[in-house]
Amino acid sequence: MTRTGCWTLLVGTAGLAAIAGPSVAQEPPQADYYVYVAAESQDEVALVRFGPAGAEVSRTIEASLNPTDIDGPHGIAVSPDGSNWYVSIAHGLPFGQIQKFATGSDRKLGAAEAGLFPATMTVTPGGLLFAVNFNLHGDPVPSSVSVVETGSMNEIRKVTTCAMPHGSRLSPDARRHYSVCMMDDQLVEIDVRTLGVSRRLYLAPGAERDLPPETTESSSVVGSAPGAGGAARCGPTWVQPSPDGLRAWIACNKNREVLEVDLGAWQVTRRFATGAGPYNLEVTPDGATLVVTYKDDHAVGVFDLDDGSERAVVRSSRRIPHGVAVSPDSRYAFVTVEGVGNDPGTVDVIELESGQRVSSADVGRQAGGIGFWKMERLSDRK
């Protein structure tokens, strides 16, 4: 484990890249922030704390099915009340698993079988967990979203969506679930009350349009020559609804852009040019800033949502940034960086107002899923 804390501009070196943003001193945080981070190639989850002294790993928790194999903990979700956290185990045979833990003690409380390669997850206040079954290693056929009742840890429904679903997220009122399908260029909405698909939006550039809810495969509806051999070009990997529930943003991994969708009109209204390989997204709770990881550029983009401008590009401490979580005070973004080879994974902490990376902490190899747990203000401590 390593820890760094820095409140001035970091200077670029071979191992620590330069950061866009003004060269100004930063005020240290007035709170401790906690995130859970999955290390896919080390079968563990780290609890990372960031505070005035920088970022550090508080402890690690085993997350596996078979101690002799690499089982691939991939996605992390924390319940809305902060009492539990969940991790998707991607490499089970034949199916993956969702494991439930108590926050704080990190005691394992149960598990549920899901589908092929369960990935991103989200949890409703009522205790329904939605996990996309990415089916990374299978045939590119329509896959599903598993719905798990978290009290009993039983899968109660598989909702068929389309090929390689990813980016599981809820509307602010938890009545609608959104995911995207990387191989079928679709945004899919599930009605949480009926657990059925309510709407689909086709995202191929130049052919965006509403699709019938029953359309699982896009090969028969490709329009405007979106790619060679009818291949999808957006390649969406993430969807993030706005805090007010009126909009959503979608990462088009294949063509370097983020789409903004008006959820009422169900159409694309704005496009943001990005770096190479936009992958995961997160919006600040105040609705002002969008944070985008660029897997192929080894950087993170920080966007002003008022005018759509990219306010900063922050170089990652290592290669292949992956997931992102934002603090409740809209001040910091916590970004997982996978690393390559035997490099450890890393959590980079970005101060969003200045667009600077202010701290990093090494975790297990191939850091991926990340979930924000809690924020403890130092002034509130006795």
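Just so you know, the sequence shown maps onto residues 43 to 424 in our numbering.
Ideal Cβ positions, reconstructed from N, Cα and C, are used throughout, including at glycine.
- If you draw a 10 Å sphere on the C-beta of Pro363, you find 16 or more other C-beta atoms in it, and that means buried.
- The three-state reading of DSSP puts Asp304 in strand, counting E and B together.
- Assigned with DSSP and collapsed to three states, Ser421 falls in helix.
- Asn196 carries a strand assignment under DSSP once its states are collapsed to helix, strand and coil.
- Beta bridge pairing from DSSP links Leu158 with no other residue.
- Beta-carbon to beta-carbon, Val190 and Val201 are separated by about 12 Å, too far to satisfy the 8 Å threshold.
- Taking all protein chains in view, the Cβ of Arg419 is surrounded by fewer than 16 other Cβ atoms within 10 Å, so the residue is classified as exposed.
- Per the coordinates, the alpha-carbon of Val187 lies some 19 Å from the alpha-carbon of Ile412.
- For His133, no beta strand (DSSP E) run applies, since DSSP gives it neither H nor E.
- The stretch 359-376 makes contact with the stretch 326-333; the number of CB pairs closer than 8 Å reaches 3 or more.
- In the DSSP assignment, Asn175 falls within the beta strand (DSSP E) that extends over 170-175.
- Short of 7 Å from the beta carbon of Glu155, and not among the five residues preceding or following it, lie these beta carbons of its own chain, in chain order: Phe137, Gln139, Glu197.
- Under DSSP, Arg218 shares a beta bridge with Asp233.
- Ranked by how close their Cα comes to the Cα of Ala95, the residues Glu324, Ser401, Arg289 have Ser401 in first place.
- Taking 3 residues as the shortest admissible run, the stretch 64-131 contains the following complete beta strand (DSSP E) segments, listed from N- to C-terminal end: 73-81, 86-93, 96-104, 115-120, 126-131.
- Arg407 sits in coil when the DSSP states are folded into three classes, being neither helix nor strand.
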